[in-house]
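Quick notes on the structure that follows.
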Amino acid sequence: MKRWGRLSTGVALALTLVVLAVLGAREPEPGHDVGELAAPLPMAPRTTSSSGTAAAPTVPPAASPPAWMRRMQPGERPPQFVLFSFDGAASKPHWDRIMPLAKQANAHVTGLLSGVYLVADADADSYAGPGHDRGTSSIGFGGTRADVALRIEYLNAALAAGHELGTHYNGHFCVGDEPHVGVWNTDQWNNELDQFFAIVEKARQQGFKLDPATVRGGRTPCLEGDWGQAFPAMRGHGMAYDTSHVSLGVAWPSVQNGMWEFPMPEVRVPALGRQVVMMDFNLWYALNGAKDEPDKAKAAEYTTVVLDTYRSVYQAAFNGNRAPMVIGNHFNEWAGGAFSNAVEGFLGEVCVKPETVCATYTEVIQWMQLQDPVVLEQLRRMPAALNE
């Protein structure tokens with residue numbers, strides 16, 4: 051299969067129509083082990099070259115930096131960063147599995163929280179997505195007030211363990227839920243972010259320990275957005291990074307219109323011999339059209355396919371440009387838990403490897419701030435890591 055960056059207009063249009071056929075899909079609701087629906091495929095890869103005139107955003111340095119958080123010596127190679135990130139980030143069963151694994155492997159992960167999961171169903175009318183009726187959300191709300199209180203409790207535990215919480219915004223309005231996030235203007239993005247931080251502030255009054263100043267980035271619903279409209283709103287809310295774009299292979303973060311962009315890689319799935327964006331739903335769609343197959347044998351097969359893909363991509367980056375490897379996921383039990391099993395298994399094995407650091411987005415930015423800018427630019431100019 052040709053890489054998307056090289057597709058003809060006709061083929062690209064055909065792929066877009068395939069994407070449109072699954073745009074009703076969504077991520078699982080909080081706490082649900084099995085989501086009926088999933089996040090749709092991204093519309094197309096985006097460029098990762100630096101653009102705009104705004105300077106690279108900065109974040110405060112680490113208060114208690116780990117040993118790897120230092121300036122590289124001349125001739126030294128960077129650590130191989132692996133960034134595990136989870137859209138929605140509201141499932142207790144999955145946090146309960148991830149946190150012990152991360153502690154054992156000395157790893158940190160990033161949860162990209164959907165704000166509506168901190169809003170009880172009874173309080174749904176407190177949220178109005180830009181252009182949408184009050185009290186509506188494509189992914190529902192947070193359940194009972196007791197559910198939200200419990201969620202605050204386990205998210206606090208994740209924060210205390212050193213994990214990061216970013217934003218997945220609120221109502222998850224993608225193509226088909228008009229007006230979708232891909233056509234929002236800056237005022238609408240500002241409105242969505244204002245509401246996200248208002249939701250966080252209300253949760254803080256209920257004991258949530260998330261400092262709004264530490265919400266430094268996120269991933270847009272369905273990877274959609276008019277970036278010229280969205281990025282000014284993100285910057286205006288103190289955010290420093292986005293991780294919604296797609297790169298061909300594993301590429302270093304670059305500055306785009308004043309935001310660090312951490313692209314998700316489009317990679318080769320060895321078992322399929324084709325290129326796929328390395329996100330759980332995209333892999334599922336490539337394997338069987340995103341049809342749920344709870345059969346244990348199929349689940350084990352899919353887990354193996356995804357694990358082999360992760361390992362192949364890691365090896366390509368480790369032996370190549372050492373660019374941070376972004377693994378985008380949801381807390382889900384799709385296809386009998388195949389993708390959760392794969393990501394949990396890979397976390398346990400990769401984060402203990404030599405010269406490898408499983409970190410948050412903020413931690414990688416903090417590390418980059420310590421480096422010689424000339425050295426960072428040399429790293430960004432290296433070819434993207436392509437797996438075989």
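Residue numbers for the sequence shown follow our numbering, so the first one is 51 and each next one is one higher.
Built from N, CA and C at the ideal position, the CB exists for glycine as well.
Treat the numbers as computed from the prediction; the structure is a model and nothing was measured.
- Shown here, residue 183 sits in coil according to DSSP, grouped into three states, outside any helix or strand.
- The Cβ atoms of residue 319 and residue 353 lie no closer than 7 Å to each other.
- Under the three-state reduction of DSSP output, residue 173 falls in the helix class.
- Look at residue 286 here: in three-state DSSP terms it is helix.
- Take residue 145, set aside five residues on each side of it, and the residues of its chain with a beta-carbon closer than 7 Å to its own are 204 and 208, in chain order.
- Here the C-alpha atom of residue 339 lies approximately 16 Å from the C-alpha atom of residue 345.
- Beta-bridge analysis with DSSP links residue 291 to 267 and 310.
- Just so you know, the alpha carbons of residue 313 and residue 379 end up roughly 14 Å apart.
- At a cut-off of 4 residues, the continuous stretches assigned as alpha helix (DSSP H) that sit fully inside the segment 356 to 428 are 384 to 400 and 411 to 419.
- Residues 269, 270 and 273 of the same chain have their beta carbon placed closer than 6 Å to that of residue 294, with the five preceding and five following residues left out of the count.
- Three or more pairs of CB atoms, one per stretch, sit closer than 8 Å, so the segment 275 to 285 contacts the segment 233 to 250.
- In the DSSP secondary-structure assignment, residue 136 is bridged to 161 and 379.
- Relative to residue 260, the option among 211, 224, 228 and 242 whose CA is nearest is 211.
- Of the candidates 385, 424 and 300, the residue whose Cα lies closest to the Cα of residue 363 is 300.
- The Cβ-Cβ distance between residue 396 and residue 357 falls below 7 Å.
- A direct Cα-to-Cα measurement between residue 191 and residue 122 gives close to 45 Å.
- DSSP places residue 232 in the helix class (H, G or I) of the three-state scheme.
- In the three-state DSSP reduction, residue 123 falls in the coil class, being neither helix nor strand.
- Residue 217 has 163 and 268 as its beta-bridge partners, per DSSP.
- Looking at the DSSP output, residue 329 sits in a beta bridge with 378.
- Closest in alpha carbon position to residue 331, among 377, 168, 423 and 160, is 377.
- Following the DSSP letters along the chain, one finds residue 296 inside the beta strand (DSSP E) bounded by residues 296 to 298.
- For the pair residue 170 and residue 195, the Cα-to-Cα distance works out to about 5 Å.
- In this structure, residue 165 lies near residue 249, with their beta-carbon atoms less than 7 Å apart.
- For residue 197, the enclosing alpha helix (DSSP H) starts and ends at 195 to 210.
- Measuring C-alpha to C-alpha distances from residue 373 to each of 247, 106 and 297 identifies 297 as the nearest.
- The beta carbons of residue 265 and residue 217 sit closer together than 7 Å.
- Contact between residue 384 and residue 334 holds, with the beta-carbon distance rounding to 6 Å and staying under 8 Å.
- Sequence-distant Cβ neighbours of residue 161 in its own chain, meaning closer than 6 Å and more than five residues away, are 136, 139 and 215.
- Following the DSSP letters along the chain, one finds residue 150 inside the alpha helix (DSSP H) bounded by residues 142 to 155.
- It is roughly 30 Å from the alpha-carbon of residue 393 to the alpha-carbon of residue 421.
- Relative to the Cα of residue 428, the nearest Cα in the group 418, 436 and 437 belongs to 418.
- Rounded to whole angstroms, residue 276 and residue 230 show a C-alpha spacing of 11 Å.
- Residue 117 counts as exposed, since fewer than 16 other C-beta atoms from the protein chains shown sit within 10 angstroms of its C-beta.
- Measuring C-alpha to C-alpha distances from residue 309 to each of 291, 253 and 329 identifies 291 as the nearest.
- For the options 105, 285, 110 and 133, the alpha carbon positioned closest to that of residue 411 is the one of 133.
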